Amino acid sequence: SFHPDRILRVTTQVYPLDCTTRYSVVINGSIPGPELRFREGDKIWIRVYNDIKDENLTIHWHGLTMRMSPFSDGTPAASQWPIPPMHFFDYEFELQSGDAGTYFYHSHVGFGAVTAYGALIIEERVKDSPPFVYDDERTLVLTDIFYRNDSDIVGGLMGDPFLWSGETFNVALNGHSRSPNATADKESTSCSYGVVTVKPSTTYRFRFIGGTVLSHVFLAFEGHGSMTVIEVDGHYVSPVEVDHIEIGSGQRFSVLFKSKSIEELSVDRINGKDQYWLQMETRTRALITVSFAVLAYSDADIPDRFTKPTTPPLLLPTESFTSGWLEDELWPLPSRPYDDSFPQASEVTRRIFINVQQNFNVNGTKKVMWHQNGAPWFENSVPEPYLVSLYKNSKSAFPDYENALKHGGYDTKTKTYPAKLGEVLEIIWQNVGNTQSGTVETHPFHAHGDHYWDAGCGTGSYSETVAEAMLQDRMRYGGPIKRDTTNLYRTPPATTTTPGAIVSWRAWRLRVRNPGVWMVHCHIVQHMMMGMQAVFVFGGKNDLKPLTKEQAALYLEFGGQAYGNAT
Ligand code: C2O
Ligand code: CU
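Taking UniProt numbering, the leading residue of the sequence shown gets 45, the next gets one more, and so forth.
Structural data, given as structure tokens:
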């Protein structure tokens, strides 16, 4: 008989968080949920129980490409009927060579991802080893702290009148944070800094996961030298030295980190220092939140939970507005056997522009929405998930490709962006000022279903000449890298521009090879709730893998009520 590789049980409960408690979606009774570790080549079967009494659920495996398992992507209204209360769904997928890297999983319903998340690490096959040498590794998941509960926040974001969620209160490390307002008597494990424990003279792979819902975090360790970036969004890169990390919602970076030697530590101890702050500051928004975690050199060193630096020990850089962090310095790691080649301009079959823009007072309401080429998309935009419709009624449900070509790639009938297998798309995102206020923000755009080559970004509107020159420059170092979450920057330094003006662009190149229905969206969950999502449909009806009778009954019928019953 078969056993799932993992079982996740998802509930809502009042859970201790940031020195208070909050009604939250929780996986296996803890925030974060368990760290999942698999290997390339594994066939994975994860059973997810929705034990929440009054809400649907899906779990998304962020950064994995779900080749040939489009029903396992975990997007409600796109890839599956969401799991109804007191039911379970089996997510199945196969990991391939080249998948080794750092990922995470999270709820893809409402605001659930703020607490319902966990690390997902893919290791090399047993006989293989990573292309970099290190002694040990640590996982560092960053998340935001919000006190209002999920349904209040979503109600406000989608409401008339619109009500903003507020800014993050704190950035947590591996679920731990200590509110700046906490008092000494509040000590508990839910009211203490996150701690990374290391041994002296050791090289670690630190896996940073941007699990925030909103925050773009700048971070660095006190009293330590540079780190070496070796992996970005699930792909190894040519090593690059950095003194700090900038990580947006949905992004992942692995760095090699050298801990201090015993001698260095004893010098520090003579000077009264035996703990080091990890300083985390939010950027790109008007309000900067300064949060802390601790790097400790043995359990004995775990710091007094009440000490808080009176002044931040580190001076982190200010935001850069022109090119963003590291983007001119990330190159593929040469001779990785698994990556296909970067598609040259001559291979591009279509260019799709997507202009993103915030609108106030939509249709005479007091709502605020984000539009892509004039259209928002919501979890409840369609009565039936697209992939289900494609399988049930392939004639009329499939996007009208010709109609899409007439509308810049967007099929106005199905509200999707269709593409044929084998096409090479160039997707150009452009960041447009709010129609009335001119507000601009930074958006970490994430693609499901496959990685794309990050083919450049710049200020103002997209220019083919500028973009091509930038690419030619990059080609000398090995060309663009593959990613799944990259920033569309707000620029220039002001948070506003002329209403309707384009302030920045970002280009992705993508080989269409993975049939299914794939979301692309800003990874800021507030923005998603406000419509900042779109749907790509890859492949035609002959490309969809036929379902067995049992699969068809399970995936297609009864709005998910056919899923396993757990009552
Ligand atoms: Cu981590 Cu659709 O997102
Ligand atoms: Cu956004």
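All C-beta atoms, glycine included, are put in the ideal place defined by N, C-alpha and C. Here the structure is a predicted model, which is why all the values come from computation and not from measurement.
Span separating the alpha-carbon of G316 from that of I165
Position 272 of the sequence shown, counted from the first residue, corresponds to residue 316. Position 121 of the sequence shown, counted from the first residue, corresponds to residue 165. In a straight line, the C-alpha of G316 is about 37 Å away from that of I165.
Just checking C501 against the ligand CU - is the residue's beta carbon closer than 7 Å to any of the ligand's heavy atoms?
Position 457 of the sequence shown holds residue 501. Checking every heavy atom of the ligand CU against the Cβ of C501, none is found closer than 7 Å.
Among H279, V153, Y341, which one has its Cα closest to the Cα of S379?
Here the question's residue 379 lines up with position 335 in the sequence shown. Ranking H279, V153, Y341 by Cα distance to S379 puts H279 first.
Sufficient close CB pairs (3 or more, under 8 Å) joining the segment 482 to 500 to the segment 287 to 299:
yes
Heavy atom of the ligand C2O within 7 Å of H220 beta-carbon
As a first step, residue 220 must be located in the sequence shown, where it is residue number 176. No; taking the cut-off as 7 Å, the Cβ of H220 has no heavy atom of the ligand C2O nearer than that.
So, does the segment 418 to 435 touch the segment 536 to 545, judging by three or more C-beta pairs under 8 Å?
no
What span of residues does the beta strand (DSSP E) with S310 cover, start to end?
What you label residue 310 is simply residue 266 of the sequence shown in a count that begins at 1. Per DSSP, S310 belongs to no beta strand (DSSP E); it is in the alpha helix (DSSP H), 306 to 314.
Say yes only if the C-beta of I568 is nearer than 7 Å to one or more non-hydrogen atoms of the ligand CU, and no if none qualify.
Start at 1 with the first residue of the sequence shown, and residue 568 comes out as number 524. Indeed, a heavy atom of the ligand CU lies less than 7 Å from the Cβ.
Since V338 and V239 should fall inside the 8 Å C-beta cutoff, what is the C-beta to C-beta distance between them, to a whole number of angstroms?
As a working mapping, residue 338 is identified with position 294 in the sequence shown. As a working mapping, residue 239 is identified with position 195 in the sequence shown. About 5 Å separates the two Cβ atoms, so the contact holds.
Report the residue from S123, Q140, W125 whose alpha carbon sits nearest the alpha carbon of I88.
Along the sequence shown, one-based indexing puts residue 88 at 44. Residue Q140 is the option with its Cα nearest to I88.
How many whole angstroms separate the CB atoms of F262 and H288, which I take to be in contact at a CB cut-off of 8 Å?
Within the sequence shown, residue 262 is the residue found at index 218, counting from 1. Within the sequence shown, residue 288 is the residue found at index 244, counting from 1. Correct: roughly 6 Å between the Cβ atoms.
What residue range does the alpha helix (DSSP H) around E594 cover?
Here residue 594 refers to the residue found at position 550 when the sequence shown is read from its first residue. It spans 593 to 600 - the alpha helix (DSSP H) in which E594 sits, taken as one unbroken run.
Pair within 8 Å by beta-carbon distance, F133 and V158
What you label residue 133 is simply residue 89 of the sequence shown in a count that begins at 1. What you label residue 158 is simply residue 114 of the sequence shown in a count that begins at 1. No, these two residues do not count as a Cβ contact at 8 Å.
Cβ of M576 within 7 Å of any heavy atom in the ligand CU?
Walking along the sequence shown from the start, residue 576 turns up at place 532. Result yes, Cβ under 7 Å from the ligand CU.
Starting from the C-beta of S505, find all residues in its chain whose C-beta is less than 7 Å away, skip the five residues before and the five after it, and write them out in chain order.
Within the sequence shown, residue 505 is the residue found at index 461, counting from 1. Cβ neighbours of S505 beyond the five flanking positions: Q474, I546, W549.
Could you give the distance in angstroms between the alpha-carbon of S481 and the alpha-carbon of I568?
Counting from one through the sequence shown, the residue named residue 481 turns up at place 437. Counting from one through the sequence shown, the residue named residue 568 turns up at place 524. Whole-angstrom Cα-Cα distance: 20 Å.
Continuous alpha helix (DSSP H) stretch holding L431: start and end:
Locating residue 431 in the sequence shown gives position 387, where the first residue counts as 1. Start and end: 430 to 436.
By the 10 Å Cβ neighbour count, where 16 or more other Cβ atoms means buried, how is S123 classified, buried or exposed?
Taking the first residue of the sequence shown as position 1, residue 123 is located at position 79. Buried, since its Cβ has 16 or more Cβ neighbours within 10 Å.
Tell me the rounded alpha-carbon separation between R169 and R83.
Stepping through the sequence shown from its first residue, residue 169 is reached at position 125. Stepping through the sequence shown from its first residue, residue 83 is reached at position 39. When rounded, the distance between both Cα atoms is 6 Å.
Decide if S68 is buried, meaning its Cβ has at least 16 other Cβ atoms within 10 Å, or exposed.
Mapped onto the sequence shown, residue 68 falls at position 24. Label assigned to S68: buried.
First and last residue of the alpha helix (DSSP H) that includes Q480?
Position 436 of the sequence shown holds residue 480. Neither: Q480 is in no alpha helix (DSSP H) and is coded neither H nor E.
List the DSSP bridge partners of M271.
Position 227 of the sequence shown, counted from the first residue, corresponds to residue 271. Per DSSP, V286.
Measuring CB atoms only, is the segment 558 to 573 touching the segment 111 to 125, in the sense that at least three cross pairs come out at less than 8 Å?
yes
Helix, strand or coil at M324 [DSSP, three-state]:
Along the sequence shown, one-based indexing puts residue 324 at 280. Three-state result, M324: strand.
For G500, which of helix, strand or coil comes out of DSSP?
The count along the sequence shown starts at 1 and reaches residue 500 at position 456. Here G500 sits in strand by DSSP.
Mind checking which residues open and close the beta strand (DSSP E) that includes Q605?
As a position in the sequence shown, residue 605 is number 561, starting the count at 1. Counting along the chain, Q605 falls outside any beta strand (DSSP E), and DSSP gives it neither H nor E.
Would the beta-carbon of G560 be found less than 7 Å away from any heavy atom of the ligand C2O?
The sequence position of residue 560 within the sequence shown is 516, counting from 1. False, no ligand heavy atom lies under 7 Å from that Cβ.
Round the Cβ separation of H104 and G608 to the nearest angstrom and send it over; I've been treating them as touching at under 8 Å.
Residue numbering aside, residue 104 sits at position 60 when the sequence shown is read from its first letter. Residue numbering aside, residue 608 sits at position 564 when the sequence shown is read from its first letter. The pair is not a contact, with the Cβ atoms about 19 Å apart (cut-off 8 Å).
What is the rounded straight-line gap between the Cα of R249 and the Cα of L322?
Sequence index remark: in the sequence shown, residue 249 carries index 205 (1-based). Sequence index remark: in the sequence shown, residue 322 carries index 278 (1-based). For R249 and L322, the distance between alpha carbons rounds to 16 Å.
Identify which residue in E266, R534, N399 has its Cα closest to the Cα of D318.
Reading the sequence shown from its first residue, position 274 is the one you call residue 318. Nearest of E266, R534, N399 to D318, Cα basis: E266.
Heavy atom of the ligand CU less than 7 Å from the Cβ of E485, yes or no?
What you label residue 485 is simply residue 441 of the sequence shown in a count that begins at 1. Yes, since a heavy atom of the ligand CU falls inside the 7 Å radius drawn around the Cβ of E485.
Enclosing alpha helix (DSSP H) for A513 [first to last residue]
Here residue 513 refers to the residue found at position 469 when the sequence shown is read from its first residue. Run containing A513: 508 to 519, per the alpha helix (DSSP H) assignment.
Using the three-state DSSP reduction, which class does L201 fall into: helix, strand or coil?
Within the sequence shown, numbered from 1, the residue matching residue 201 stands at position 157. Here L201 sits in helix by DSSP.
Taking the Cβ atom as the reference point for each residue, do I127 and G604 lie within a distance shorter than 8 Å?
Walking along the sequence shown from the start, residue 127 turns up at place 83. Walking along the sequence shown from the start, residue 604 turns up at place 560. Going by C-beta atoms, I127 is nearer than 8 Å to G604.
Less than 8 Å between the C-beta atoms of W375 and Y521, yes or no?
Translated into the one-based positions of the sequence shown, residue 375 becomes position 331. Translated into the one-based positions of the sequence shown, residue 521 becomes position 477. Taking 8 Å as the Cβ cut-off, W375 and Y521 qualify as a contacting pair.
Spatial neighbours of T55 within its chain, please: CB distance less than 7 Å, with the 5 preceding and 5 following residues excluded, ordered by chain position.
For the purposes of this step, residue 55 is identified with residue 11 of the sequence shown, where counting begins at 1. V70, D95, I96.
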